[in-house]
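Read left to right, the sequence shown gives residues -32 to -1, 1 to 462 (mature numbering (1 follows the signal peptide of the UniProt record, and there is no 0)). Backbone N, C-alpha and C define an ideal beta-carbon position, used for all residues, glycine too. Keep in mind it's a predicted model, so treat the numbers as computed, not measured. Below: one structure, written as structure tokens.
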Amino acid sequence: MAKQIMSSSNLLFFSLTLLIITLSPIPIFASASLEEANALLKWKASLEIPKNSLLSSWIPLPLNSSASAPCTSWFGVVCNADGSIQKLNLTSSGLKGTLHRFSFSLLHNLTRFNLSINNFFGPIPPEIRHLSKLVYLDFSFNKFSGVIPPEIGNLHQLNILHLYSTNISCSIPSSLGDLTLLNILYLYKNQLSGSIPTELANLKSLTHLEVAYNQLSGSIPSSLGDLTSLNVLYCGSIPSSSGDLASLNVLYLWKNQLSGPIPIELGNLKSLTNLDFLTDLEVADNQLSGPIPSSLDKPQQHTMTDPRCELGKVKSITDFKVNNNPISGSIPLDFGNSTQLQRLDLSSNHLVGEIPREFGKMKILDLSKNRLNGSIPTTIGQWAQIHYLNLNNNKLNEKIPSEIGKLVHLTELDLSQNSLTKEISSEVQSLQSLIKLDLYHNRPSGSISDAFTHLPRRIEINLSYNELSGPVPLWVNFVNVSIESNPDLCGNAT
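Right, dumping it as structure tokens:
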């Protein structure tokens, strides 16, 4: 009986002990996790931090602490079930400093690391290789220096890599081709040079590749045509194999120093919605050459920008820009088949021949600074949706067609620096939306038409350096008009 009572007592004691253990607070961090917290504190001490920063929540742990503070109250810190720091998000925190004292080896359980939109400088240390569990890395919009460390290629779990606008330089390391799980690679707006490594063709899961706004040279490797999951390509000139990128829907190729022709194989890009070869003289023009093809007849929904693409048969194209390139040849007459084309910029090239008769539903048309000749087509009256028309600095001749008066939505018309002749059509008075009319440096003759008096008072008119004659009309006093260097004009408006 006594043994039974003792046995019952032992059972009760064991149960109470188990209950107490269950209800007692258990430290969330193990000793290794305490090391992680202390490592972050040491790194914080090396940084310049603005007043009232959310990093003020990063405070040393008191003695005998449960060590739960980093997981429960530290800004930007998220822990895993074991209490180890798993995510660090310090984006837009106003931080300034380096990664020299960041303990990559102790924080090896990080899966997401975001330092974007701060003022970090200095190199990205090769010790980043210790973050082998990373799936997301974002260092964009900082002031780092030096190279992309080849050791990043050891982060085999990485899905997203954002290093755009980080001030990094030199070449793109071939080791990035080892990141076979990578979906998104953003390297644009840096000082990267050299060519795009062929090893990037190993990134079979890649959907977004952006490397524009750099100093890259050469052509895009033809092996990138194997990246069949790619739907955004933002870089340089394109190989014919790019036509194999069946999932591609956005292609930006601007502001690099890439050369060579644009292949007709782009016609295979059935998902393409945005193709942009736009360049800028202030950064680095491309050196694209050759004629404009005319065979992009397979894409279904395009927003494109390069005249050498054979887009004449592309029914759904909306944007096409390729200014500031030595593009040659004529503008394909098939442009009129692109019934959804709204914005076309072929300015500052070497295009020759006549202006096509048809331009569908064009709203913005810039053919300036080329070598186009012939007359302005009378079918211009059918371009009913056009708002902006710039044909300046070409070799256009004959008179301005009266049909131009049908462009009731036109707000800006620039026909300057051509060889247009004869009288200015009185139909210009119908352009009631016009705010700028530039006929500078042509050869129109005759008097200044009173039709101009019917134009909006806010309009800016430039009739300088022409062959106008006769008296200066009184209305010139009431609008912003320039009439200098017309030697046969006589009289003064008062």
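{"Check": "Check whether the Cβ atoms of residue 11 and residue 69 lie closer than 8 Å to each other.", "Outcome": "yes"}
{"Check": "Nearest to residue 76 by alpha carbon, out of 84, 99, 429 and 326?", "Outcome": "99"}
{"Check": "Please determine, among 179, 180, 409 and 192, the residue with the shortest C-alpha to C-alpha distance to residue 169.", "Outcome": "192"}
{"Check": "Between the C-alpha atoms of residue 2 and residue 154, what's the straight-line distance to the nearest angstrom?", "Outcome": "34 Å"}
{"Check": "Rounding to the nearest angstrom, what Cα-Cα distance links residue 103 and residue 97 in this structure?", "Outcome": "13 Å"}
{"Check": "Any idea what DSSP makes of residue 120, helix, strand or coil?", "Outcome": "helix"}
{"Check": "Under 8 Å: do the region 113 to 120 and the region 38 to 57 share three or more Cβ pairs, one atom per stretch?", "Outcome": "no"}
{"Check": "Kindly indicate which residue of 419, 9 and 412 has the alpha-carbon position closest to the one of residue 454.", "Outcome": "412"}
{"Check": "Using the C-alpha atoms, what's the distance from residue 316 back to residue 417?", "Outcome": "32 Å"}
{"Check": "Which same chain residues end up closer than 7 Å to residue 85 when comparing Cβ atoms and leaving out the 5 residues on each side of it in sequence?", "Outcome": "59, 60 and 109"}
{"Check": "Pick from 174, 287, 179 and 8: whose alpha carbon is nearest that of residue 39?", "Outcome": "8"}
{"Check": "Check whether the Cβ atoms of residue 338 and residue 312 sit closer than 8 Å, and answer yes or no.", "Outcome": "no"}
{"Check": "For residue 12, name the three-state secondary structure that DSSP assigns.", "Outcome": "helix"}
{"Check": "Do residue 21 and residue 62 have their C-beta atoms within less than 8 Å of each other?", "Outcome": "yes"}
{"Check": "Check residue 404 in the structure and name its three-state DSSP category.", "Outcome": "strand"}
{"Check": "Please classify residue 422: does DSSP put it in a helix, a strand, or coil?", "Outcome": "helix"}
{"Check": "Which full runs of the beta strand (DSSP E) of 3+ residues lie inside the region 61 to 85, going along the chain?", "Outcome": "80 to 82"}
{"Check": "Excluding the five sequence neighbours on either side, which residues of its own chain have a C-beta within less than 8 Å of the C-beta of residue 88, listed in chain order?", "Outcome": "63, 64, 65, 66, 67, 107, 110, 111 and 112"}
{"Check": "Go to residue 362, then tell me how far its beta strand (DSSP E) extends in each direction, as first and last residue.", "Outcome": "Element bounds for residue 362: n/a, residue is neither H nor E."}
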